[in-house]
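A.B. asks: What follows is a structure written as structure tokens; I'll ask about it next.
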Amino acid sequence: MSVLPAGGRGRAALPALLAAVALVLAACGAPASQAGYPTRNVQLIVPYPAGSAIDATSRALVEIVNAEGKLGRRVQVVNREGGAGAVGTTATLSAKPDGHTIGLVPDGPLTLLPRTEKVSYDPASISVISEVTTSPVLFVVPGDSPYKSVADLVTAAKARPGTITIAEGPLNYAIPAQKFEQLTGTRFKHVKFDGDQATVTALIGDNVEVGVMQLAGGMAQLKAGKLRALAIASAEPIELAPEIKTFKQQDVALEWEAYNVVIAPKGLPADVQRKLNEVFGSAVKSPKFAEAARKLGLVVSGADGEAAKAKLAEKTAEAANLIAAK
Amino acid sequence: MGDAIDNLGAGFATFADPAFIILALVGVVLGTVVGVLPGIGPIGAMSVLLGMTTQLGPTGSLILFAGIYFGSTYGGSTTSILLNVPGEASSVVTALDGHEMTKRGRAGPALTIAALSSFLAGTIAIFGLMMSAPWLSGLAVKLGPPEYLALCVAGLLLLAALAEGSAAKAIVMICAGLAIGTVGIDPAGGQLRFTMGSDALAEGFSFIALVMGVFGVAEALTMVGRRWRPEPVKAPRLKELLPSGEESRRAAPAAVRGSVIGFLLGLVPGPAAVLSTFASYVTERKISKDPGRFGKGAVEGVAGPEAANNAAAGAAFVPLLALGIPFAPTMALVLAALLLNGIVPGPTFVEDQPELFWTVIAAMYIANLMLLVLNLPLVGLFTRLLAIPPQALMPFVIGLCVVGVYAENNSMFDVVVMLVAGLLGFVLRRAGYSMAPFVLAVVLQPTLETSLRQTLAFSDGNPGYVLGRPVTMVILGLVVLATALSVRRALRARRVRQNTDQEVTV
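For the record, the sequence lines run as chains A and B.
Read left to right, the first sequence gives residues 1 to 326 (the UniProt record's numbering).
Read left to right, the second sequence gives residues 1 to 506 (the UniProt record's numbering).
Structure, rendered in structure tokens:
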């Protein structure tokens, strides 16, 4: 829908064209008060590289947003990776709060990273548009591992403290691993791995005994029996993999999930915020997105902007306690 | 084996759909173009197309992506040979002798040999993939942090052995590369290092910017500074594109050896395509009766590495299709395309999706054939670039580098990094420092660091952990051997330095 002239030709025609665009948008059913937004394509910043799980999620979501066409303009995914998500988050939050730059970020850069790193954004001053997906953290062992349950693992860890190797990595894995040790009075040998793929490889190759990861990272191997999930850190067993018991069912009060949210800089005009909430809320709840998320091994979240913001605050507070307790 | 042939036949039958043939053609052409253009690589092309993959379906997406991937390894060598500007990191080694051949008026044969070696290697790799996918990936996954550590150390030492001229200078450049590589996010712990508070440095120095700088810009500066003798570069006739009998005899076995080396290294996670080119080059020079020709336009130095990077590209599909684990960023994109189509490659992929697997194999054959058919006539076209005086061509090359680097991250900072790297590279090259060790050190740094830290964490500092791992010991043994050989070579070189005081500066 490229209506505006690209060059400088016909400057006088610009107001007329804008009016025409407004009319077209109105005809598309957009309320008149929102005719001003968006005036161009919206950039959705993803702070991880193309090909990562969150990138695949973003592209699936954006495709639905564009197909539904409720925004009136297209959304484009822009990958700004680096700094454990800090680079893309900074780029999102330092943009002009006019709704043309938004971001789909994991919660880590908002809830955990500011605890350990100096970041150049204020994680509290943001506009939250919608939660997109959640992924509870799992403890996984190789398919031929002697550990069949959390109890087996705890018994073994007590028998030889500090020797069972556990692969973790980013804070969203390191913190639940630590919390598990506190809750069960055990100690593991922590080895940092660079993401779920690396952890899966190390587990299958018997180079590490336990791995902390998300369901999305190990689905194929779990289904094929190359890996076995000991426990999932969700409140209830999840629909995607109902056979995996929760930590709670195994008497360890560990709940921890990572989740992805659509955010924008603080101070969005009310009508822009409303429009984005509506557009993304409807795409997240669409059956098509549910299908895409299921394939990727992610749980679709129903939380709207307000609920998601409250959840971020809660996790930030919990992380503050855990990281301080270290 | 009989089964494999039946299945492959079925794969070709599926592929006969004209839509798939068009997709393969689009893929290889696009791949060749991004391969020729420095800076824009297959990763960029694939990520732009990722949004289309649900419309294309799993088979269509795989065909398109395989075409792009193979096409880029073909295309990357062209600018290496003609302009000494590697289109991709995996073509850095090709520039050593390939560009020398160009200087000696053998650009046509160099390009033809590169294309033919690539084709041969692609075919060998696909055959290997077909026969060995499940078995080999099971083996590769056993490699743990100590093995990666040993492989990285081996890679860097091989390189010190490879660098002509002063080994001390090569080691200085390796250290510089490792140091540059530590800037940005710490790969295991997520801490920011040496960023001086700058967000631009949070992701580290862009590899593309560094490579474009030390190769592209530095080369352009060197060329412009040189006095250009307006040789009458005629558009080569078909006969001039063909390698001589002598060249073919030397190139063929080198291409076979390169294919084997590339395929085996391609199964290993990490920058296998890049590493395999270096390994092939060193091997060719070690077994040559006349190693003195290397760096002066030896055809083996083009055929071996070009075969190796294509074989590695084919082998990279093995861990992805057999385990669902991408060992390279390009493979991560292929994985994403499959996931978006609801296909989760894993240990049971070949059994669950035989039709898809064999169609992809068939697509790879066809893509390789298409590339050969496309590239041979284009060799003449690319050779004509040489008729342009460097003073006119080089600004264009620099412009291409600027656009390519900017396009990668939309970042002016990267452009500045490239220009500074280019100036430094220009000065250092004049001082006899070669840039290949620097670049490989930057590539290997994250793997080296991560595996070192993991090894230390696993072992609690106890060397018994490493000594108890046979594969590590074999690799380390080879490292010791290579070091001994290069020390011997250095000593011999010192003795004859007066006579053969020539340095090949990459």
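Ideal Cβ placement from N, Cα and C applies to all residues, glycine included.
(1) Which residues in chain B have a C-beta closer than 9 angstroms to the C-beta of A/E181? List them in chain order.
(2) Can you say whether B/Y74 is buried or exposed, counting buried as having 16 or more other CB atoms within 10 angstroms of its CB?
(3) Span of the alpha helix (DSSP H) holding A/A264?
(4) For B/S72 versus B/V34, is the C-beta distance shorter than 7 angstroms?
(5) With a threshold of 8 angstroms, are at least 3 pairs of Cβ atoms found where one atom belongs to the segment 104-118 of chain B and the other to the segment 363-382 of chain B?
(6) CA-CA distance, A/A95 and A/P265?
(7) Rounding to the nearest angstrom, what Cα-Cα distance links A/A56 and B/L340 in this structure?
(8) Could you tell me whether any Cβ in chain A is nearer than 7 angstroms to the Cβ of B/K142?
(9) Distance check for B/M418 and B/A179, CA to CA, integer angstroms please.
(10) For B/V442, count the other beta carbons within 10 Å of its own beta carbon; 16 or more makes it buried, fewer makes it exposed. Which is it?
(11) Between the Cα of A/D196 and those of A/Y37, A/V300, A/A220, spot the shortest distance and give me the residue it belongs to.
(12) Have a look at B/L374 and B/G295 and give me their C-alpha separation to the nearest angstrom.
(13) Using a Cβ-Cβ cut-off of 7 angstroms, state whether B/E100 counts as contacting chain A.
(14) Across the segment 303-317 of chain A and the segment 117-128 of chain A, are there enough close Cβ pairs to call them in contact, namely three or more that are closer than 8 angstroms?
(15) So, under 8 angstroms CB-CB, A/R115 and A/A308 are touching, yes? Tell me the CB distance rounded to an integer number of Å.
(16) Could you say which of A/G88, A/P142, A/V42, A/A84 lies nearest to A/G69 if we only look at CA atoms?
(17) So which residues on chain A does B/A457 lean against when the C-beta distance must stay under 9 angstroms?
(18) A/K311: buried (16+ other C-beta within 10 angstroms of its C-beta) or exposed?
(19) Which residues, taken in chain order from the segment 196-209 of chain A, show a beta carbon closer than 9 angstroms to some beta carbon of chain B?
(20) How long is the line joining the alpha carbons of B/S90 and B/Y281, rounded to whole angstroms?
(21) Determine, using beta carbons only, whether B/T447 comes closer than 7 angstroms to chain A.
(22) Starting from the C-beta of B/N84, find all residues in its chain whose C-beta is less than 6 angstroms away, skip the five residues before and the five after it, and write them out in chain order.
(23) So, with DSSP's three-state summary, where would you put A/Q214?
(24) Name, in chain order, the residues that DSSP records as bridge partners for A/N79.
(25) Which whole-angstrom value is the C-beta distance of A/I64 and A/K245, which I expect to be below 8 angstroms?
(26) Thinking just about the alpha-carbon of each residue, which of B/Y465, B/E240, B/T330, B/G76 is nearest to the one in B/E147?
(27) Three-state secondary structure (DSSP) at A/A292?
(28) Using 10 angstroms around the beta-carbon of B/A392, count the other beta-carbons present and answer buried if the total reaches 16, otherwise exposed.
(29) Taking 7 angstroms as the CB-CB limit, is A/L153 close to chain B?
(30) Under a Cβ-count criterion, where at least 16 other Cβ atoms within 10 Å of its own Cβ denotes burial, should A/P199 be classed as buried or exposed?
(31) Assign B/A431 to one of two classes, buried (16 or more other C-beta atoms within 10 Å of its C-beta) or exposed (fewer than that).
(32) Using 7 angstroms as the threshold, is the C-beta distance between A/T155 and A/K189 below it?
(33) Looking at C-beta atoms only, is the number of pairs between the segment 242-258 of chain B and the segment 112-129 of chain B that lie closer than 8 angstroms three or more?
(34) Output the distance between the C-alpha atoms of B/S206 and A/S301, rounded to the nearest integer angstrom.
(35) Would you give the residue range spanned by the alpha helix (DSSP H) that B/T102 belongs to?
(36) What do you get for A/T163, buried or exposed, if any count of 16 or more other CB atoms within 10 angstroms of its CB means buried?
C.D. replies: To lay it out plainly:
(1) Those within 9 angstroms of A/E181 in chain B number zero; the least Cβ separation is about 16 angstroms.
(2) For B/Y74, the number of other beta carbons within 10 angstroms of its own is at least 16, and it is reported as buried.
(3) Taken as a continuous stretch (DSSP letters only), A/A264 belongs to no alpha helix (DSSP H), being part of the beta strand (DSSP E) at 257-265.
(4) Yes, they are a contact pair.
(5) With contact defined as three or more Cβ pairs closer than 8 angstroms, the segment 104-118 of chain B and the segment 363-382 of chain B are in contact.
(6) The alpha-carbon of A/A95 is positioned some 7 angstroms away from that of A/P265.
(7) Taking the straight line from one Cα to the other gives about 7 angstroms.
(8) With a threshold of 7 angstroms between beta carbons, B/K142 makes contact with chain A.
(9) Here the alpha carbons of B/M418 and B/A179 stand approximately 17 angstroms from one another.
(10) With 16 or more Cβ atoms within 10 Å of its Cβ, B/V442 is classed as buried.
(11) Ranked by Cα distance from A/D196, the options A/Y37, A/V300, A/A220 are led by A/A220.
(12) Between B/L374 and B/G295, the C-alpha separation is close to 29 angstroms.
(13) Not one chain A Cβ lies under 7 angstroms of B/E100.
(14) A contact exists between the segment 303-317 of chain A and the segment 117-128 of chain A.
(15) At roughly 20 angstroms, the Cβ-Cβ gap does not stay under 8 angstroms, so A/R115 and A/A308 are not in contact.
(16) Closest option to A/G69, Cα to Cα, is A/V42.
(17) Within chain A, the residues near B/A457 are T165, K189, H190, V191, K192.
(18) The residue in question, A/K311, is buried, as its Cβ has 16 or more Cβ neighbours within 10 Å.
(19) If the cut-off is 9 angstroms between Cβ atoms, the segment 196-209 of chain A has Q197, A198, V200, T201, A202, I204, G205, D206, N207, V208 near chain B.
(20) Here the C-alpha atom of B/S90 lies approximately 12 angstroms from the C-alpha atom of B/Y281.
(21) For B/T447, the closest Cβ of chain A is not nearer than 7 angstroms.
(22) Taken in chain order, the residues that qualify are A95, H99, E219.
(23) Assigned with DSSP and collapsed to three states, A/Q214 falls in strand.
(24) Under DSSP, the beta-bridge partners assigned to A/N79 are A/V46.
(25) In fact, because the Cβ distance is near 33 angstroms, the residues do not count as touching under 8 angstroms.
(26) The closest CA to that of B/E147, considering only B/Y465, B/E240, B/T330, B/G76, is found on B/Y465.
(27) Per DSSP, reduced to three states, the secondary structure at A/A292 is helical.
(28) It is exposed - the Cβ of B/A392 has fewer than 16 other Cβ atoms within 10 Å.
(29) Put simply, the CB of A/L153 is far from chain B, with every gap to its CB atoms at 7 angstroms or more.
(30) Here the sequence assigns Thr to residue 199 of chain A, which means Pro is not the residue at that position. Answer is buried; the Cβ neighbour count reaches 16.
(31) Burial call: exposed.
(32) In this structure, A/K189 does not lie closer than 7 angstroms to A/T155 by Cβ.
(33) These segments touch.
(34) Roughly 35 angstroms separates the two Cα atoms.
(35) Taken as a continuous stretch (DSSP letters only), the alpha helix (DSSP H) holding B/T102 covers 92-103.
(36) That one is exposed.
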